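In UniProt numbering, the protein residues as written are 1 to 73.
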């Protein structure tokens, strides 16, 4: 597959080019708000909505050798 040059905004199902753009958007989600807006406009989106959440997991998870407790602060 060659790298798609633009996002097809009418896609409703799975395609490799659409999966490529979803991966790019996922990476963009971790960037600064101004960078997100700038790139989204380059991709043809006319509006950008932001949602920020501080992730503080209230659970523990196990690995084969140990139990880990998430700590924040």
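Here a beta-carbon is modelled for each residue, glycine too, at the ideal position from N, C-alpha and C. Please read these numbers as outputs of a predicted model, since none were measured by experiment.
Of the choices the options, whose alpha-carbon is the least far from that of residue i?
i          : options       : result
residue 42 : 7, 52, 30, 51 : 7
residue 21 : 33, 5, 31     : 5
State the Cα-Cα distance for the pair residue i and residue j, rounded to the nearest angstrom.
i           : j          : result
residue 150 : residue 2  : No answer is possible for residue 150: the residues shown for the chain start at 1 and end at 73.
residue 54  : residue 13 : 31 Å
residue 44  : residue 9  : 8 Å
residue 50  : residue 33 : 8 Å
residue 27  : residue 39 : 12 Å
residue 52  : residue 17 : 28 Å
residue 31  : residue 23 : 14 Å
Just to confirm, is the Cβ distance from residue i to residue j under 8 Å?
i          : j          : result
residue 35 : residue 48 : no
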